[in-house]
Structures are given as C-alpha cells and as structure tokens.
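S.K.: Can you keep this structure in mind? I'll have questions shortly.
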Amino acid sequence: MKSKKTVTNVLDVRCARPIIVVDKSIKKTITLQQQETVLVDGCEINFHAPNNVAIFASIAKKELQQAKSIYTSVLGKDLNKRKRIEISDQDLPRLYNYLECIQSSIIAIYTALESFANIAIPANYTYTSKNSKGVTETWDKAAIERWQKTSDKVAIFLPEILKCESPKGLSDWSKFKELEEIRNDIIHQKTVLKNGKDSADNIFLKKLMHKSIFDIIESGFSLIKFFCTKDVFHAFFPMGFGGVQIKPLEVENFSDQFELIREADASE
C-alpha cells in the first residue's frame with residue numbers, strides 16, 4: 011500500500027515544512043506551522059520557524075543576481091575580445107560592490123549545502139571505514155560534522171543515508187569542487203612571499219572575475235536540488251527545490267495529541 015501524501019500552500023518557501031494532521035474523529039485535516047519564540051528585552055517574539063538552508067540559499071541567489079548585473083555593467087560581456095580594461099575611479103566602487111556580492115553568494119550557498127548535509131545525517135548514524143594505515147575507524151554524526159569536509163559529506167555519507175547514487179557522476183560535480191576550493195581560499199586567505207616580503211594571496215580574485223564563477227555558484231543549488239528529489243518527504247529539507255510532499259499524521263483526536271500553549275491574540 012502506498013503511503014498517503016499531502017501538498018499544502020505555504021506563506022514563504024523559507025519556512026520550515028508544515029505539519030499536516032488528520033483528525034479522524036472529525037474527519038478534518040489540520041495544517042500546523044512550526045513556531046519559534048524568542049525573548050528579547052522582555053518582549054516575546056513569535057514567528058514561523060525558518061529553514062536555515064533555505065535562508066542561506068535565498069541570500070546566495072539574491073547576491074548572485076546582483077553580482078551578475080554589476081558584472082555586465084562594469085566589465086561587459088566579451089572579455090575575451092578585449093586586451094585590457096582599466097577600472098576608472100568612478101567604476102571602482104561598483105567593482106568592489108561586485109566583489110562583495112559574489113563572495114557573499116559563494117559563502118552563502120556553500121553554507122547552505124554544508125547545513126543541508128548536516129541536517130540530513132541522522133543523530134544515531136555511524137560510518138565505519140579503514141584509513142590509509144588499514145585501521146578501522148568509526149565516525150558518528152558529531153565527528154562527521156566537525157571533521158569531514160562538505161564535499162565528502164555529500165559524496166560519501168548522504169548517498170548512503172538517502173540510498174541514492176553519488177553526485178560525483180553529475181556534470182556539476184567538478185564545478186562544486188571548484189566552489190569549495192574558492193570558498194576556502196576566501197575564508198582562509200593566506201599570505202605569500204613576494205620580492206622578499208609578505209603579501210596577501212589574492213589569486214582567487216582571478217576566479218571571481220571570470221564569468222564562469224556564476225555557473226560554479228549554481229552548482230551548489232543543483233546539488234541541494236539533487237538530494238531534495240531523493241527524499242521529497244524529509245521534514246528538514248528546504249522547500250523550493252523541486253516537488254515537496256508531506257506525510258500526514260493521522261490521530262484519533264487532535265486534542266489528545268496536542269496541547270494548547272496559548273490562544274492567539276488578534277490585537278497583538
């Protein structure tokens with residue numbers, strides 16, 4: 011027998027997935043949205059819980075769109091047909107705006123994918139393998155989250171957890187590896203010795219100035235979508251990356267399963 015599935019409308023795809031409850035006693039379906047309550051300076055703030063993967067993916071998308079717009083206006087479209095571009099003092103602020111946007115997009119989409127990988131790993135998950143010395147090692151969730159790089163999380167652990175093929179076979183995999191490398195160069199910028207003096211290593215700027223960076227960033231979105239389609243019911247996966255289905259929770263009586271914490275005040 012196939013499990014029942016329900017699709018519901020949401021206010022914002024950045025929300026955490028709603029919970030669908032079927033009350034068998036009254037034969038009605040009830041949609042619940044997870045709530046967050048934050049106390050700030052004595053004021054209680056209540057709001058629909060966000061999905062942080064979706065939040066960072068949204069940041070990445072907005073910054074990418076802005077970066078594309080600035081790139082075209084400052085550098086044009088056909089750099090391969092030009093031998094030199096001198097950035098004027100007037101255009102310099104816009105170039106720096108581009109660098110802000112493109113680096114923000116890179117960091118945000120990588121963070122989104124890293125968060126996605128972490129939430130996809132069950133709390134009781136362990137992984138056993140032999141290291142280069144032939145010693146058997148067992149990794150639990152905490153160790154994987156802390157010590158394994160994101161590309162290994164999505165290439166090794168997630169396929170085993172979700173029982174799907176590895177994304178290494180995707181055309182975007184090599185682009186994602188570039189994304190990871192550029193992100194690391196940005197976050198862990200180093201110095202190099204030039205003419206006997208320490209200088210900031212800005213070699214990654216060349217990659218940021220090439221229009222291929224846009225496809226490299228898009229690879230992060232593609233990987234999230236790839237895994238979202240492998241488990242459309244996963245409660246922690248973000249919405250907005252393909253089909254979303256929600257398994258309804260059937261209860262004999264709604265009031266027996268859920269406790270009323272506080273009635274809504276329309277005047278608040």
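With this note's numbering as the guide, the letters of the sequence shown map in order to residues 11 to 278. Ideal placement from N, C-alpha and C gives every residue a C-beta, glycine not left out.
1) Which residue marks the beginning of the beta strand (DSSP E) containing I55, and which one marks its end?
2) Alpha carbon to alpha carbon, how far is I69 from A118?
3) I'd like the list of long-range same chain contacts for D162, defined as Cβ closer than 8 Å, with 5 residues on each side in sequence excluded.
4) Using the C-alpha atoms, what's the distance from T39 back to E273?
5) Pull up the distance between the alpha-carbon of Q44 and that of G253, whole angstroms please.
6) Spell out a yes or no on whether the region 104-123 and the region 227-236 are touching, meaning 3 or more CB-CB pairs, one atom from each, closer than 8 Å.
7) Which ranges does the alpha helix (DSSP H) cover as unbroken runs of at least 4 residues, wholly within the region 75-133, from first to last along the chain?
8) Under 7 Å Cβ to Cβ from D211, same chain only, skipping five residues before and after it: list those, please.
9) When the distance is taken between beta carbons, is E73 closer than 9 Å to P60?
10) Looking at A64 and V23, is the spacing between their C-beta atoms short of 9 Å?
11) Distance check for V242 and W317, CA to CA, integer angstroms please.
12) Can you list, in chain order, the residues of its chain whose CB lies under 8 Å from that of N263, leaving out five sequence neighbours each side?
M.R.: So, from the listed chains and residues:
1) I55 -> beta strand (DSSP E) spans C53 to H58.
2) Roughly 6 Å separates the two Cα atoms.
3) Excluding residues within five positions, none has a Cβ falling inside 8 Å.
4) Here the alpha carbons of T39 and E273 stand approximately 20 Å from one another.
5) Between the C-alpha atoms of Q44 and G253 there is a straight-line separation of about 20 Å.
6) In this structure the region 104-123 lies against the region 227-236, because at least three pairs of beta carbons, one per stretch, are closer than 8 Å.
7) Runs of the alpha helix (DSSP H) spanning 4 or more residues and lying entirely within the region 75-133 occur at 102-130, in chain order.
8) Excluding residues up to 5 positions away in sequence, Q199, K200, T201 and V202 lie with their Cβ nearer than 7 Å to the Cβ of D211 in the same chain.
9) Against a cut-off of 9 Å, the Cβ pair of E73 and P60 comes out as no contact.
10) A distance below 9 Å separates the beta carbons of V23 and A64.
11) For residue 317 there is no data in the structure shown, the boundaries of the chain being 11 and 278.
12) Only D33, K34 and S35 meet the Cβ criterion.
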